[in-house]
Amino acid sequence: MTDSRYAVAGSSQSLTPKQRDLIALAESLGPAFASRAARYDSEASFPFENYADLKAAGLLGLCVPQAYGGHGADFGTYALVSATLGKYCGATALTLNMHMCSTLWPGLLADDLDMTPAERKQHEQYRAIHFRRVVQDGAIYAQPFSEGSAAAAGKAPFGTVAAKVGGGWLVNGRKIFASLSGAADYYGVLCTEDKLERSMRDTLYIAVPGTAPGLAVTGEWDPLGMRGTVSRNLVFKDVFVPDEAQMMPRGVYYQAASRWPHMFTTLSPTYMGIAIAAVEFTVKYLRGEVEGMPPVKRRMYPTKQIAMAEMWVKLEQTRALFLRMLEDARIDPPKDARLRAYAAQYTIMENANALCALAIRTCGGQSMLKSLPLERLYRDSRCGALMLPWTAELCLDRIGREALYEPGEADD
Ligand SMILES: Cc1cc2nc3c(=O)[nH]c(=O)nc-3n(C[C@H](O)[C@H](O)[C@H](O)COP(=O)(O)OP(=O)(O)OC[C@H]3O[C@@H](n4cnc5c(N)ncnc54)[C@H](O)[C@@H]3O)c2cc1C
12 MTDSRYAVAG SSQSLTPKQR DLIALAESLG PAFASRAARY DSEASFPFEN YADLKAAGLL
72 GLCVPQAYGG HGADFGTYAL VSATLGKYCG ATALTLNMHM CSTLWPGLLA DDLDMTPAER
132 KQHEQYRAIH FRRVVQDGAI YAQPFSEGSA AAAGKAPFGT VAAKVGGGWL VNGRKIFASL
192 SGAADYYGVL CTEDKLERSM RDTLYIAVPG TAPGLAVTGE WDPLGMRGTV SRNLVFKDVF
252 VPDEAQMMPR GVYYQAASRW PHMFTTLSPT YMGIAIAAVE FTVKYLRGEV EGMPPVKRRM
312 YPTKQIAMAE MWVKLEQTRA LFLRMLEDAR IDPPKDARLR AYAAQYTIME NANALCALAI
372 RTCGGQSMLK SLPLERLYRD SRCGALMLPW TAELCLDRIG REALYEPGEA DD
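Under our numbering, residues 12 to 423 are what the sequence shown spells out, in order.
Below is the structure:
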């Protein structure tokens, strides 16, 4: 890590000038984010100050297409910026992912998908409203899809429903683990069109204002890690939203989920950033350079050097898959790229936690004191493998099945 600014990419060599500029912008916010991270963690409070900084830096519109006043960052550029922020505050990077997907999916990703001319025209009108809110007003979007059922794993229709009524939709249902709860200006809700025979093809993606009558934030939030995400429950009771609240036309989310699988890997950059932070911390610690600690060096012990080497190898393996995944991401990726996306997500989520565990073991007892960031990185990193729809378990499940069966194949 000769130039730690570009640690997410290994070095700056392969980056475009735009990527370098955006990473540098994210880096400029990093130290302030790092200085606030312990407070958000201990209070389990939302990082409002960080979002004010992101807004002032123009980063809320990172993935809004340039035609709508944003930076027009593509999937790979977003991931590099996200991982950069993840080095400093995991909860901020993770919640920002929900916001960014709310602009990336209806934006560049939707441009790749099939729509009728009428759908495309309507989508342009509707998304212009969402993008204007983000770019001009600094609106923040959350992305609640989890319900505590098989829906978030992509195995059943969402239980939250939207019924078509004159001029809009009536939303009813419940979401769990809604990051940015109480902080978001809009909740981009994944739900099912309310009709007799519901299927996953009827999934709708609808923005509900945080102030909408009938919407309530409920439940406690006192988790192990990622405490600053404030991921409480949302209850929707006859919440009316106008037609233009639709963030994608009917059926297009289902098409995206089938044809643009990398859309579900966007949580992993946060954890790539955490993994890098754990390794960087360990280097500093063993060199006796951690601020606020006595300058005691521990690097001369062969056991520390071996542990460092193990960590370095694991980090390189993880980052190599991460960067390859960014290259692979596109509509209708070939089978090997799809399997690699599962493998990358699995590897990043599992290795981030493994690296944090190794970092604590290597640095020793003082390193897990709450006055230092390592124990928070460790707790935050534990959450990665649990994130649906591509949990570590479900990635293995998909790799095993899709490696052995071609689409449509079955056993007698
Ligand atoms: C910090 C944090 C922030 C979050 N933020 C958000 C958010 O903003 N929006 C959001 O929608 N969700 C969010 N989530 C929720 C997250 O994505 C998961 O939905 C949630 O952790 C699932 O918890 P569960 O116990 O209900 O999972 P369950 O559905 O009970 O699943 C438990 C485990 O079983 C496995 N499993 C589940 N279904 C299947 C299946 N069909 N076949 C085989 N195995 C299966 C999976 O590995 C899963 O981990 C967040 C979670 C955390 C921890």
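Every residue, glycine too, gets a C-beta built ideally from N, C-alpha and C.
Output needed for residue i: all residues of its chain with C-beta closer than 6 Å, excluding positions within five of it in sequence on either side, in chain order.
| i | result |
| --- | --- |
| N244 | I187, T229 and G230 |
| G395 | Y282, M360 and A363 |
Taking only the alpha-carbon atoms, compute the straight-line gap between residue i and residue j and give it to the nearest angstrom.
| i | j | result |
| --- | --- | --- |
| L235 | F292 | 21 Å |
| M12 | A320 | Confidence in M12 is poor, its pLDDT being 47 and thus under 50, which makes the residue's placement too unreliable to answer from. |
| E38 | G284 | 12 Å |
| N364 | G221 | 33 Å |
| E158 | M336 | 28 Å |
| P384 | L415 | 42 Å |
| S458 | V176 | Nothing about residue 458 can be read from this structure; the chain reaches only from 12 to 423. |
| L120 | T358 | 24 Å |
| E361 | D205 | 38 Å |
| L115 | R50 | 30 Å |
Run through the DSSP bridge pairs and tell me what residue i is partnered with.
| i | result |
| --- | --- |
| V176 | G179 |
| V228 | L245 |
| P220 | Y197 |
| G184 | F247 |
| L215 | C202 |
| M259 | Y216 |
| V252 | W180 |
Following a CB-centred definition, is residue i positioned closer than 7 Å to any heavy atom of ligand 1?
| i | result |
| --- | --- |
| P168 | no |
| F275 | no |
| F57 | no |
| S242 | yes |
| P356 | One detail in the question is off: residue 356 reads as Gln in this sequence, not Pro. No - ligand 1 has no heavy atom lying nearer than 7 Å to the Cβ of Q356. |
| A279 | The sequence shown places Ser at residue 279, rather than the Ala named in the question. No; taking the cut-off as 7 Å, the Cβ of S279 has no heavy atom of ligand 1 nearer than that. |
| E204 | no |
| T402 | yes |
| L399 | yes |
| C394 | yes |
Say yes only if the C-beta of residue i is nearer than 7 Å to one or more non-hydrogen atoms of ligand 2, and no if none qualify.
| i | result |
| --- | --- |
| L407 | With respect to ligand 2, the structure shown offers nothing to examine, as its ligands consist of ligand 1. |
If you drop the 5 nearest sequence neighbours on each side, which residues of the same chain put their C-beta closer than 8 Å to that of residue i?
| i | result |
| --- | --- |
| A368 | Y389 |
| I371 | S378, M379, L385, E386 and Y389 |
Beta-carbon within less than 7 Å of residue i's beta-carbon, same chain only, minus the 5 sequence neighbours each way: which residues are those?
| i | result |
| --- | --- |
| Q154 | M109, C112, S113 and G199 |
| R195 | This sequence places Ala at residue 195; Arg is not what is there. Contacts found: I151, Y152, A153 and G221. |
Does the region 30-48 come close enough to the region 86-96 that 3 or more CB-CB pairs lie under 8 Å? The region 86-96, when compared against the region 30-48, does touch it at the 8 Å Cβ threshold.
Whether or not the region 396-410 and the region 345-363 are in contact is what I'm after, with contact meaning three or more pairs of Cβ atoms, one per stretch, closer than 8 Å; do they touch? yes
Would the region 102-119 and the region 188-205 be scored as touching if the rule is three or more Cβ pairs under 8 Å? yes
Specify whether the region 49-57 and the region 140-152 touch according to this definition: at least 3 beta carbon pairs, one from each stretch, less than 8 Å apart. no
Three Cβ pairs or more, each shorter than 8 Å: is that satisfied between the region 109-129 and the region 265-280? yes
Within 8 Å, do at least three Cβ pairs link the region 68-86 to the region 210-225? Counting Cβ pairs under 8 Å, fewer than three are found: no touch.
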